[in-house]
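K.L.:
Starting off with a structure, shown below.
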Amino acid sequence: MSQSKRADGNPIKIAYTFDRKTDNLAKGLTQEECSIYDSDRNIEYTAEAMRRLGYEVELVGNLEAVVKRLASTPLPDWDLVYNYAQGTTGSAAMREARLPALLEAYGYNCVLADSLGMVQGNHKALTKMILDYHKIPNSPYAIVPSLDSEGADEKAPAQSAIAASPYAAALQTFPVFVKPTCDKFSRGIGISSKILSPADLEPCVARLRQQFPDQELLIEPFLSGREMSVTIVGTGVDARVIGVHEISWPKGNQWEAQDFYSFDRKYGPPEAWCKYTYPSLTDPIVMKCSEVSLAAYRVTGCRDLGRVDVRFDREGDDATPVVIEVMPLPGITFNASDAVLTAKNNGIEWDELFRLILESALKRSHHKPRNAAFGS
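And the structure:
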């Protein structure tokens, strides 16, 4: 029997949840704020891929649309929810988790991470604590309280955070790097994020706290080694690396000083774009990187598809791969996102990638039957 069929021979029903970019632009959000949301074209490409695989797909939409569907009688008979809603309101750490949490309460099986996995991957400070516990390499850090929090040192929040950190000694050497704890797609990261001298630290922190008042900030040593991004499919012991891409920084123009992934490097003019190469998965350095990434993917609760970004602590074959970010909800944009391009360069085309994602989700048997939580 096809994996896309129910036991009665009818197609498996998938609800597709998402935040539409055009809807949020119409609400007055900026292009940068909407960079995390899906375009109309990609929503259609995604739905069509699932339909070509034999699934019945209902385009549901965002959290508000899901609430309306769940208020109906009887409840929707979805077998699976392909959730790609990024969230638009509420705590930054919880935005991606709200919809999975609601659907879990109703007994639906969500594709990609559950609500806990979304928080553990999206909140970078929490991610680092989990990696610390499991002894998975990640860099020393300090956490600057959010602007909205009470009791923070408003005169020198960065220095106070460093002094309070158990890694204070490792954060005395510059350059260091500053980023929001709960944002993604390089929002908030720019030329001033790499701090070359102590005099520049507090101004950068002040600017980011104003831009992201509800988020804490991370201060970490700047890692000078190679950077790689690892794409993983599957869940738990079945998770496997399907590809790695290495990122390098073209020199000889105004972007040369940004030897890191920034918002401008991602969305700026072509001369700002970084360069991707796709090394062999059997390369010893890549194997070290993949091993660390798989461990991080598993302990943070990623499922079905995810991405782990790694930077080596220095140049050389003896360098240590350090996890810098775990993405339980990575970009999945046709012929554009890192995970999609990495898969393609390793022989996994768009439809095949979705086959792997959905078949991983359908293996889960521990979730409640549809509507069981509400007795219908």
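Taking numbering that gives the first Met the number 0, the leading residue of the sequence shown gets 0, the next gets one more, and so forth. Just so it is clear, CB atoms sit at the ideal spot from N, CA and C, and this is done for glycine as well. Because the structure is a prediction, the values reported are computed rather than measured.
#1: So the beta strand (DSSP E) residue 179 belongs to, where does it begin and stop?
#2: Identify the residues that DSSP records as bridge partners of residue 81: which are they?
#3: How many angstroms separate the CA atom of residue 142 from the CA atom of residue 160?
#4: Check whether the Cβ atoms of residue 117 and residue 103 sit closer than 8 angstroms, and answer yes or no.
#5: With the cut-off set at 8 angstroms, would you say residue 90 and residue 52 are in Cβ contact?
#6: How do the region 228-240 and the region 302-309 stand: do at least 3 beta-carbon pairs fall below 8 angstroms, yes or no?
#7: Measure the C-alpha to C-alpha separation of residue 139 and residue 173 and round it to an integer number of angstroms.
#8: Less than 8 angstroms separating the beta-carbons of residue 146 and residue 179?
#9: Classify residue 305 as helix, strand or coil using the three-state DSSP reduction.
#10: By DSSP's criteria, residue 326 is part of a beta bridge. Which residues make up the other side?
#11: Look at the alpha carbon of residue 59 and the alpha carbon of residue 17, and state the distance between them as a whole number of angstroms.
#12: Let's see if you can read the secondary structure: which residues bound the beta strand (DSSP E) around residue 220?
#13: Suppose you measure from the CA of residue 119 to the CA of residue 137; what does that come to, to the nearest Å?
#14: Please tell me whether residue 187 and residue 210 are closer than 8 angstroms, where the distance is taken between their beta carbons.
#15: Looking only at its own chain, which residues have a Cβ that is under 7 angstroms from the Cβ of residue 36, when we skip the five neighbours before and after it?
#16: Would you report the Cα separation of residue 353 and residue 171, rounded to the nearest angstrom?
#17: According to DSSP, is residue 156 part of a helix, a strand, or is it coil?
#18: Distance check for residue 334 and residue 191, CA to CA, integer angstroms please.
#19: To which residues does DSSP link residue 37 through a beta bridge?
#20: Apart from the five residues on each side of it in sequence, which residues of its chain come closer than 8 angstroms, Cβ to Cβ, to residue 419?
#21: Might you give, ordered along the chain, the residues of its own chain that have their beta carbon closer than 8 angstroms to the beta carbon of residue 263, omitting 5 neighbours on each side?
#22: Of the residues 113, 220, 38, which one's Cα is nearest the Cα of residue 311?
#23: Hey, residue 342 and residue 251: beta-carbon distance below 8 angstroms or not?
#24: What did DSSP end up calling residue 250 once you bin it into helix, strand or coil?
#25: Alpha carbon to alpha carbon, what distance is there between residue 114 and residue 76?
#26: Considering Cα atoms alone, identify which of 294, 249, 240, 265 is closest to residue 278.
#27: How close, in whole Å, do the beta carbons of residue 320 and residue 287 come, if the pair is a contact with beta carbons under 8 angstroms?
#28: What number of angstroms, rounded off, separates the C-alpha of residue 87 from the C-alpha of residue 38?
#29: Since residue 350 and residue 48 should fall inside the 8 angstroms C-beta cutoff, what is the C-beta to C-beta distance between them, to a whole number of angstroms?
#30: Using only the alpha-carbon positions, how far apart do residue 157 and residue 167 sit?
#31: Rounding to the nearest angstrom, what Cα-Cα distance links residue 377 and residue 317 in this structure?
P.N.:
So, from the data block:
#1: Reading the sequence shown from its first residue, position 180 is the one you call residue 179. Unbroken beta strand (DSSP E) run through residue 179: 175-179.
#2: In the sequence shown, counting from the first residue as 1, residue 81 sits at position 82. According to DSSP, residue 81 bridges with 15, 110.
#3: Stepping through the sequence shown from its first residue, residue 142 is reached at position 143. Stepping through the sequence shown from its first residue, residue 160 is reached at position 161. Straight-line Cα distance between these residues: approximately 6 angstroms.
#4: As a position in the sequence shown, residue 117 is number 118, starting the count at 1. As a position in the sequence shown, residue 103 is number 104, starting the count at 1. No, these two residues do not count as a Cβ contact at 8 angstroms.
#5: In the sequence shown, counting from the first residue as 1, residue 90 sits at position 91. In the sequence shown, counting from the first residue as 1, residue 52 sits at position 53. For residue 90 and residue 52, no; Cβs fall outside 8 angstroms.
#6: yes
#7: As a first step, residue 139 must be located in the sequence shown, where it is residue number 140. As a first step, residue 173 must be located in the sequence shown, where it is residue number 174. Spanning the two alpha carbons is a distance of roughly 13 angstroms.
#8: The residue labelled residue 146 in the question sits at position 147 within the sequence shown. The residue labelled residue 179 in the question sits at position 180 within the sequence shown. Not in contact: residue 146 and residue 179 (Cβ atoms no closer than 8 angstroms).
#9: The residue given as residue 305 occupies position 306 in the sequence shown. If DSSP states are grouped into helix, strand and coil, residue 305 belongs with the strands.
#10: Numbered from 1 along the sequence shown, position 327 holds the residue referred to as residue 326. Beta-bridge pairing links residue 326 to 306.
#11: The sequence position of residue 59 within the sequence shown is 60, counting from 1. The sequence position of residue 17 within the sequence shown is 18, counting from 1. Straight-line Cα distance between these residues: approximately 8 angstroms.
#12: Numbered from its first residue, the sequence shown carries residue 220 at position 221. Note, residue 220: beta strand (DSSP E), 216-220.
#13: Locating residue 119 in the sequence shown gives position 120, counting from the first residue. Locating residue 137 in the sequence shown gives position 138, counting from the first residue. For residue 119 and residue 137, the distance between alpha carbons rounds to 15 angstroms.
#14: For this step, residue 187 is matched to residue 188 along the sequence shown. For this step, residue 210 is matched to residue 211 along the sequence shown. Taking 8 angstroms as the Cβ cut-off, residue 187 and residue 210 qualify as a contacting pair.
#15: Position 37 of the sequence shown holds residue 36. Taken in chain order, the residues that qualify are 18, 19, 20, 23, 85.
#16: Position 354 of the sequence shown, counted from the start, is the residue given in the question as residue 353. Position 172 of the sequence shown, counted from the start, is the residue given in the question as residue 171. Whole-angstrom Cα-Cα distance: 45 angstroms.
#17: Locating residue 156 in the sequence shown gives position 157, counting from the first residue. If DSSP states are grouped into helix, strand and coil, residue 156 belongs with the helices.
#18: Counting from 1 along the sequence shown, the entry for residue 191 is found at position 192. Counting from 1 along the sequence shown, the entry for residue 334 is found at position 335. Cα to Cα, the separation comes out at about 30 angstroms.
#19: Looking up residue 37 in the sequence shown gives position 38. Paired residue(s): 19.
#20: With the chain running from 0 to 375 in the structure shown, residue 419 is simply not present.
#21: On the sequence shown, residue 263 is found 264 positions in, with the first residue counted as 1. Closer than 8 angstroms at the Cβ level, and outside the excluded window around residue 263, lie 189, 190, 254, 257, 271.
#22: Counting from 1 along the sequence shown, the entry for residue 311 is found at position 312. Answer by Cα proximity: 220.
#23: For the purposes of this step, residue 342 is taken as residue 343 along the sequence shown, with counting starting at 1. For the purposes of this step, residue 251 is taken as residue 252 along the sequence shown, with counting starting at 1. It is not a contact, given that the beta carbons lie outside the stated cut-off.
#24: For the purposes of this step, residue 250 is taken as residue 251 along the sequence shown, with counting starting at 1. In the structure shown, residue 250 sits in coil (DSSP, three-state: anything other than H, G, I, E or B).
#25: Position 77 of the sequence shown, counted from the start, is the residue given in the question as residue 76. Position 115 of the sequence shown, counted from the start, is the residue given in the question as residue 114. About 21 angstroms.
#26: Position 279 of the sequence shown, counted from the first residue, corresponds to residue 278. Closest option to residue 278, Cα to Cα, is 240.
#27: The sequence position of residue 320 within the sequence shown is 321, counting from 1. The sequence position of residue 287 within the sequence shown is 288, counting from 1. The Cβ separation is near 5 angstroms, so the contact holds.
#28: The residue labelled residue 87 in the question sits at position 88 within the sequence shown. The residue labelled residue 38 in the question sits at position 39 within the sequence shown. So the two alpha carbons sit approximately 15 angstroms from each other.
#29: What you label residue 350 is simply residue 351 of the sequence shown in a count that begins at 1. What you label residue 48 is simply residue 49 of the sequence shown in a count that begins at 1. Between residue 48 and residue 350 the Cβ distance is about 5 angstroms, and since that is below 8 angstroms, they are a contact.
#30: Numbered from 1 along the sequence shown, position 158 holds the residue referred to as residue 157. Numbered from 1 along the sequence shown, position 168 holds the residue referred to as residue 167. Their Cα atoms are separated by approximately 11 angstroms.
#31: In this structure the chain extends from 0 to 375, so residue 377 is not present and cannot be described.
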